[in-house]
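Protein chains in written order, with our numbering: chain A, 1 to 524; chain B, 1001 to 1321. Just so you know, even glycine gets a beta-carbon here, dropped at the ideal spot from N, CA and C. Below is one structure, written out as structure tokens; comments come after it.
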């Protein structure tokens, strides 16, 4: 198929339905449409099997721009509409794209865009932290908090109810017995079997989007690194990429390589941790301790060479913060060699245990159709046959020079999600070695950076959880006017609700770990 | 010539019971130590369980708002029951006066009593986890108890007595004979013990995941000395099962006479038997993942079948011989 066939099909379809649009080839193909056509166009896109990637709003002084990103035939498509004046209102697209629901509710809570015909319009992020008709992202909402009162408990949230004898409700969290992030899970069970699970998040809302406003790009990258601690490289790169694209900043090749090295290191650390975590949740402690050891060694090297265990603040606008010298490259390669050998040995060992396999196979089954409807990303999607990897599909430097191994499973159970992680880790080991060997020489940061005021762009990178997105608009002084980071967990959390049905409630922890969404990344 | 008040005997009972109770945390410490070494980890000190108990005893008790008398009494009932149960098991010496007061069927009853109150207390405070834990515990024990009784009956038929002391003595006197019935009963009892003491693959004593817990889910709301008593009782229970298995199926070394030398030998024997049992337990726990909850009934019906086979093989093969 030639590059533009998908556009022609789309345009014909839009014409047929009398949808007026203005198309522009910006960073990605951008369609500006009327707000009334908002749900119609998503219907068209759904018909064309486009993948939904994100929806967010941007408050300009008195009006609001709303964007939705789709991916059609591996090409990104940005749909945009403008809501000129209050009351802001937009047709909901969550009937076509169920995964859009939470993002829409988030947008409503923070921007005040009401959604028409939404199947679910309960509040999402707000809890009781600010007043009902106040919207933090509007200009008149103060950045500094005005009251130091404790936020009331959100006791009246209307959870989904099940009627009938022998149905029992089990509330879990937001405070858990282990040291994990807070999230509330409401189960309806019959005996041990889960009838329904409903998630409730927002307990770690930090006001990231609000405090980002007015920050300088350098300050924003610091903030981005802290959106979700386990994805700090991905978030920073994403934000940096958006700013650099908006201002046409060229990043030196060596810096691009170093960024990829950092990102792959983050991926490996998290995958290794998850592999152990999944095994631990079925009482297989051996795996947990071994992976904890590997991960610890890995992170110590991070601290030693990149100055931070979680690689925070390693990426700056136009490059990276620290260079590595040939000795450090050697030691990284050596470490890579030992860790990957230990990893292989460890995987060989755990694959020998039928009782572990018995526990993980068929547990938490996510069918391909559901995964596709929800637009699952990363290992959750790839374990259910959804092949989305930004490094391959929409490859950006330096991944355009390296072949990223194709990892795809179709069983959709916890075991597949574990295997996808194992294979991705191995592929990252190879990639890392290639990157270290092929590291280009030159500067690590572009010293001549001029930021373009009033520009905007998207950053898209392949975080370890999957495709990660950041939208950034600069104001007239070159500071941040809007920052919206879309963690892949937005699209993976709903999958957990779907895959737990008909499993036993005792298997929830392992299913949850196999999805391992970020709480902090979606609470923002 | 029955001494109604056998002072020396009762003194031994008291010593033995307290040894049972005070050495139980050491057994748990030993298991943890072994497990750590088996998994290439640095182990905490063998005395760590004592320190944990000490710490808990010095903490304040926080009671849930709706806790009734049952919730508050439960730790003492459970601890008391375990103490009495410990007093009737021959640890390093047989022919104790206490063993005449209760036999092995009463022991099963003791465990059931403790579990009954534990489950009531778990449901008393009305949290979802307590109810879930209680329901799971009851499911497990409803299946485990028949299996345990079958296994016990096999022993009783072999020894013509349900008195533990007599069983042990009879088996020593028979010498080392390969009895299929006892092999089956042994296997059955081991499976029951794993289920009843909440070890992997049935339950995971060291988990923090509320939703997967069985026993721990019932005691989530306890704190301070109440939690300490419950933890200590679980350790004692583990010890009781361990000693039961060691002394009934491998009775050699236990003191038949109340003199210092044979008791010393008896003590060394049971200590080494428990250490060895610990090794087997820990290896099994390391190589096995926790099984799915709905597999537990299958696991326990295997225990029941094995015990029943023991009983049948006794009747078919060994009666009259």
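Checklist entry - Taking the continuous alpha helix (DSSP H) assigned at residue 1043 (chain B), which residues delimit it? => result To locate residue 1043 (chain B), count along the second chain from 1; it is residue 43. From DSSP, residue 1043 (chain B) is part of no alpha helix (DSSP H); its letter is neither H nor E.
Checklist entry - How long is the line joining the alpha carbons of residue 151 (chain A) and residue 1114 (chain B), rounded to whole angstroms? => result For the purposes of this step, residue 151 (chain A) is taken as the residue at position 151 of the first chain. For the purposes of this step, residue 1114 (chain B) is taken as the residue at position 114 of the second chain. Taking the straight line joining both Cα atoms gives about 43 Å.
Next on the checklist: Counting only Cβ pairs nearer than 8 Å, list the residues of chain B close to residue 445 (chain A).
Outcome noted: Within the first chain, residue 445 (chain A) is the residue found at index 445, counting from 1. Correct list: empty, because the minimum Cβ distance to chain B is about 42 Å.
Next on the checklist: My output table needs one value for residue 43 (chain A): the three-state DSSP class, helix, strand or coil.
Outcome noted: In the first chain, residue 43 (chain A) corresponds to position 43, counting from 1. If DSSP states are grouped into helix, strand and coil, residue 43 (chain A) belongs with the helices.
Checklist entry - Between the beta-carbon of residue 1093 (chain B) and the beta-carbon of residue 1263 (chain B), is there less than 8 Å? => result Within the second chain, numbered from 1, the residue matching residue 1093 (chain B) stands at position 93. Within the second chain, numbered from 1, the residue matching residue 1263 (chain B) stands at position 263. A contact, by the Cβ cut-off of 8 Å.
Item to check | For residue 521 (chain A) and residue 228 (chain A), believed in contact at Cβ under 8 Å, the rounded distance | outcome: The residue labelled residue 228 (chain A) in the question sits at position 228 within the first chain. The residue labelled residue 521 (chain A) in the question sits at position 521 within the first chain. Yes, residue 228 (chain A) and residue 521 (chain A) are in contact; Cβ-Cβ is about 4 Å, under 8 Å.
Checklist entry - From what residue to what residue does the beta strand (DSSP E) around residue 58 (chain A) run? => result Taking the first residue of the first chain as 1, we reach residue 58 (chain A) at position 58. First-last of the beta strand (DSSP E) with residue 58 (chain A): 51 to 59.
Item to check | Residues bridged to residue 462 (chain A) (per DSSP) | outcome: On the first chain, position 462 is the one that residue 462 (chain A) refers to. Beta-bridge pairing links residue 462 (chain A) to A:467.
Next on the checklist: With distance defined between alpha-carbon atoms, name the residue in A:395, A:416, A:436, A:183 nearest to residue 363 (chain A).
Outcome noted: Locating residue 363 (chain A) in the first chain gives position 363, counting from the first residue. Residue 363 (chain A) has its Cα closest to that of A:416, out of A:395, A:416, A:436, A:183.
Next on the checklist: Please identify, using Cβ separations under 7 Å, the residues of the segment 177 to 200 of chain A that lie next to chain B, in order along the chain.
Outcome noted: 177, 178, 192
Checklist entry - What whole-angstrom Cβ distance do residue 559 (chain A) and residue 111 (chain A) have, given they're in contact under 8 Å? => result Nothing in the structure corresponds to residue 559 (chain A), since chain A is present only between 1 and 524.
Item to check | Contact set between the segment 1029 to 1059 of chain B and chain A, restricted to residues whose Cβ is under 9 Å from the partner | outcome: 1035, 1036, 1038, 1039, 1040, 1041
Next on the checklist: If contact is defined by three or more beta carbon pairs under 8 Å, each pair taking one atom from either stretch, is the segment 1124 to 1133 of chain B in contact with the segment 1205 to 1224 of chain B?
Outcome noted: yes
Next on the checklist: Quick check: the Cα distance between residue 197 (chain A) and residue 506 (chain A), rounded to an integer number of angstroms?
Outcome noted: In the first chain, the residue the question calls residue 197 (chain A) occupies position 197. In the first chain, the residue the question calls residue 506 (chain A) occupies position 506. Computed Cα separation, rounded: 13 Å.
Checklist entry - Who are the Cβ neighbours of residue 8 (chain A) in its own chain at under 7 Å, not counting the five residues just before and after it? => result In the first chain, residue 8 (chain A) corresponds to position 8, counting from 1. Closer than 7 Å at Cβ, skipping near neighbours: no residue.
Item to check | Any alpha helix (DSSP H) of 4 or more consecutive residues that is wholly inside the segment 190 to 219 of chain A | outcome: 208 to 212
Next on the checklist: With a threshold of 8 Å between beta carbons, is residue 364 (chain A) in contact with chain B?
Outcome noted: By one-based count along the first chain, residue 364 (chain A) stands at place 364. No, no contact with chain B.
Next on the checklist: Can you list, in chain order, the residues of its chain with a C-beta nearer than 7 Å to that of residue 463 (chain A)? Leave out the 5 residues immediately preceding and following it.
Outcome noted: Along the first chain, read from residue 1 onward, the residue named residue 463 (chain A) stands at position 463. So the qualifying residues of the chain are 231, 234, 488.
Item to check | Contact under 8 Å by Cβ, residue 478 (chain A) with residue 238 (chain A) | outcome: Start at 1 with the first residue of the first chain, and residue 478 (chain A) comes out as number 478. Start at 1 with the first residue of the first chain, and residue 238 (chain A) comes out as number 238. No, the Cβ-Cβ distance between residue 478 (chain A) and residue 238 (chain A) is not below 8 Å.
Checklist entry - residue 353 (chain A) touches chain B at which residues, Cβ-Cβ below 9 Å? => result In the first chain, residue 353 (chain A) corresponds to position 353, counting from 1. Near residue 353 (chain A) (Cβ distances below 9 Å), the residues of chain B are 1287, 1288, 1289.
Next on the checklist: Below 7 Å on C-beta distance, what does residue 171 (chain A) contact in chain B?
Outcome noted: For the purposes of this step, residue 171 (chain A) is taken as the residue at position 171 of the first chain. The contacting residues are 1128.
Item to check | 7 Å CB neighbourhood of residue 1142 (chain B) in its chain, flanking five on each side removed | outcome: Sequence index remark: in the second chain, residue 1142 (chain B) carries index 142 (1-based). Taken in chain order, the list of residues that qualify is empty.
Next on the checklist: Taking 8 Å as the threshold (beta carbon to beta carbon), is residue 1292 (chain B) in contact with chain A?
Outcome noted: If you number the second chain from 1, residue 1292 (chain B) lands on position 292. Output row for residue 1292 (chain B): interface = yes.
Item to check | Separation of residue 1139 (chain B) from residue 512 (chain A), as counted between CA atoms | outcome: To locate residue 512 (chain A), count along the first chain from 1; it is residue 512. To locate residue 1139 (chain B), count along the second chain from 1; it is residue 139. Cα to Cα, residue 512 (chain A) sits roughly 26 Å from residue 1139 (chain B).
Checklist entry - What did DSSP end up calling residue 1308 (chain B) once you bin it into helix, strand or coil? => result Working through the second chain from its first residue, we reach residue 1308 (chain B) at position 308. Reduced to three states, the DSSP call for residue 1308 (chain B) is helix.
Checklist entry - In chain order, what residues of the same chain lie with their CB nearer than 6 Å to the CB of residue 203 (chain A), ignoring the 5 residues before and after it? => result The residue given as residue 203 (chain A) occupies position 203 in the first chain. Here the set comprises 174, 182.
Checklist entry - Taking Cβ positions only, does residue 1137 (chain B) come closer than 8 Å to chain A? => result For the purposes of this step, residue 1137 (chain B) is taken as the residue at position 137 of the second chain. No - not a single Cβ of chain A is within 8 Å of the one on residue 1137 (chain B).
Next on the checklist: Relative to the C-alpha of residue 146 (chain A), which candidate in A:135, A:138, A:130 has its C-alpha closest?
Outcome noted: Reading the first chain from its first residue, position 146 is the one you call residue 146 (chain A). Of the candidates A:135, A:138, A:130, the one whose C-alpha sits nearest the C-alpha of residue 146 (chain A) is A:130.
Checklist entry - In chain A, which residues lie less than 8 Å from residue 1209 (chain B) when you measure between Cβ atoms? => result As a first step, residue 1209 (chain B) must be located in the second chain, where it is residue number 209. Ordered by position in chain A, the residues that pass the 8 Å Cβ test against residue 1209 (chain B) are 177, 178, 281, 509.
Item to check | Bounding residues of the beta strand (DSSP E) (the contiguous stretch that carries residue 81 (chain A)) | outcome: One-based indexing of the first chain puts residue 81 (chain A) at position 81. Its beta strand (DSSP E) spans residues 75 to 83.
Checklist entry - With burial defined as no fewer than 16 other Cβ atoms inside 10 Å of the residue's Cβ, what is the status of residue 1232 (chain B): buried or exposed? => result The residue you call residue 1232 (chain B) lines up with position 232 of the second chain. Under this definition residue 1232 (chain B) is a buried residue.
Checklist entry - Nearest-angstrom Cα distance between residue 1314 (chain B) and residue 1181 (chain B)? => result Walking along the second chain from the start, residue 1314 (chain B) turns up at place 314. Walking along the second chain from the start, residue 1181 (chain B) turns up at place 181. Computed Cα separation, rounded: 5 Å.
Item to check | Residues of the segment 1202 to 1227 of chain B with Cβ closer than 8 Å to any Cβ of chain A, in chain order | outcome: 1204, 1206, 1207, 1208, 1209, 1210, 1211, 1212, 1220
Checklist entry - Along chain A, which residues have their Cβ under 8 Å away from the Cβ of residue 1132 (chain B)? => result By one-based count along the second chain, residue 1132 (chain B) stands at place 132. Ordered by position in chain A, the residues that pass the 8 Å Cβ test against residue 1132 (chain B) are 170, 505.
Checklist entry - Straight-line CA distance for residue 527 (chain A) to residue 176 (chain A)? => result Given that chain A is displayed from residue 1 to residue 524, the structure contains no residue 527 (chain A) and the question cannot be resolved.
Next on the checklist: Based on DSSP bridge pairs, tell me the residues matched to residue 30 (chain A).
Outcome noted: Mapped onto the first chain, residue 30 (chain A) falls at position 30. Note: residue 30 (chain A) sits in a beta bridge opposite A:24, A:78.
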